Amino acid sequence: MRGEASEPNLQNLQELAATERNSRRTRFWHLLFTLTWILGTAVAVSSADLPVDLTEQHLNDVVRDFRGRLRITPPVSVSIVAANQYLVSVEQASRPQKGFIIKFDREFLPTLEEQELRAVIAHELGHIWIFTHHPYLQTEPLANEKAMQLVDRESLEKVYKKVWQFEGQKGSLEEFLAKVE
Ligand SMILES: [Zn+2]
Numbered sequence: 000m001r002g003e004a005s006e007p008n009l010q011n012l013q014e015l016a017a018t019e020r021n022s023r024r025t026r027f028w029h030l031l032f033t034l035t036w037i038l039g040t041a042v043a044v045s046s047a048d049l050p051v052d053l054t055e056q057h058l059n060d061v062v063r064d065f066r067g068r069l070r071i072t073p074p075v076s077v078s079i080v081a082a083n084q085y086l087v088s089v090e091q092a093s094r095p096q097k098g099f100i101i102k103f104d105r106e107f108l109p110t111l112e113e114q115e116l117r118a119v120i121a122h123e124l125g126h127i128w129i130f131t132h133h134p135y136l137q138t139e140p141l142a143n144e145k146a147m148q149l150v151d152r153e154s155l156e157k158v159y160k161k162v163w164q165f166e167g168q169k170g171s172l173e174e175f176l177a178k179v180e
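Note that the sequence shown covers residues 0 to 180 in numbering that gives the first Met the number 0.
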C-alpha cells in the first residue's frame, strides 16, 4: 500500500519539476520577447532622429498609402509651395487636373519630424474624406477623427504645438487651431 502511495508522490515530484522547468522556459521566452521589444523600440526611436525625407516624392508616397487606407478615390498630390498662410492646406486641383492637392509651406515643412509629417498628411486627408463624403461638414475634430485612423493622437498634438511655435513668426493659423477631440 505504501509503495503504491509513494509512486504517485514520485510522479507528482516529477510533474512538479517539469512544471518548474516549463515555467522557467516560459520566463526565458518572455524575457527574450521583452528584450526584443525594447531593442525594437530603441531602433524605432533612433530612426526618428534620422534626417526626415522632405521630398515631394516621399510625401506623395505617404499620401498614396494613407489615401488607400481611408478609401479616398480621387487622386491626391502634394506640392511644396513658397508660401502658404495656413502652413499646410488642401484644395481641389485646378482643371484639367482632377482630385485634390495638399500644399506645404516650404519654410514650415523642415520643422516637422517624420511622425509629425505623417500626422499632417493624415489630417489633410481627413478633410478630403469629408469633402468626398456628403453630407459630413468640414470641422477640425472630424478631420482629426479620420486622421486618428492613420496616426496616433500624440502625433497630432505634436503638430499643433509645432504650428503654434511657428505662429509667432507667421501670423493667423485658424486652419489648425481647433483642439484635438
Ligand atoms: Zn484642418
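For glycine and all other residues, C-beta sits at the position ideal for the given N, C-alpha and C.
Here the structure is a predicted model, which is why all the values come from computation and not from measurement.
Which residues in the same chain have their Cβ closer than 7 Å to the Cβ of HIS126, if we skip the five residues on either side of it in sequence? The answer, listed in chain order, is VAL89, GLN137, ALA142.
Over the uninterrupted beta strand (DSSP E) stretch that includes VAL89, give me the two end residues. VAL89: member of the beta strand (DSSP E) spanning 87–91, first to last residue.
Between the CA atoms of ARG105 and ILE79 - distance to the nearest angstrom: 6 Å
In whole angstroms, what is the alpha-carbon distance linking ILE100 and GLN84? 15 Å
Return the chain-ordered list of same chain residues with a C-beta closer than 6 Å to the C-beta of THR40, the five sequence neighbours on each side being excluded. Note that THR40 has pLDDT 48, beneath the 50 cutoff, so the model's placement of it is unreliable and the number below is only indicative. Contacts found: none.
Please report the residue range of the beta strand (DSSP E) in which LYS102 lies. Note, LYS102: beta strand (DSSP E), 99–104.
Assuming VAL87 and GLU123 are in contact, meaning their beta carbons sit under 8 Å apart, how far apart are those beta carbons, in whole angstroms? 6 Å
Contact test: HIS126 Cβ vs ligand 1 heavy atom, cutoff 7 Å: yes
Would you check if the distance between the CB atom of SER154 and the CB atom of ALA118 is smaller than 8 Å? yes
My understanding is that VAL150 touches LEU111, with C-beta atoms under 8 Å, so please give their C-beta distance in whole angstroms. Their Cβ separation, rounded to whole angstroms, is 13 Å, which puts VAL150 and LEU111 out of contact at 8 Å.
First and last residue of the beta strand (DSSP E) that includes VAL75? 75–80
Taking its Cβ as the centre, do 16 or more other Cβ atoms sit within 10 Å of TRP163, making it buried, or is it exposed? exposed
Report the residue from LYS161, TRP128, HIS132 whose alpha carbon sits nearest the alpha carbon of ALA146. TRP128
Local conformation of GLU112 per DSSP, three classes: coil
Could you give the distance in angstroms between the alpha-carbon of PRO109 and the alpha-carbon of GLU156? Rounded to whole angstroms, PRO109 to GLU156 spans 18 Å at the Cα level.
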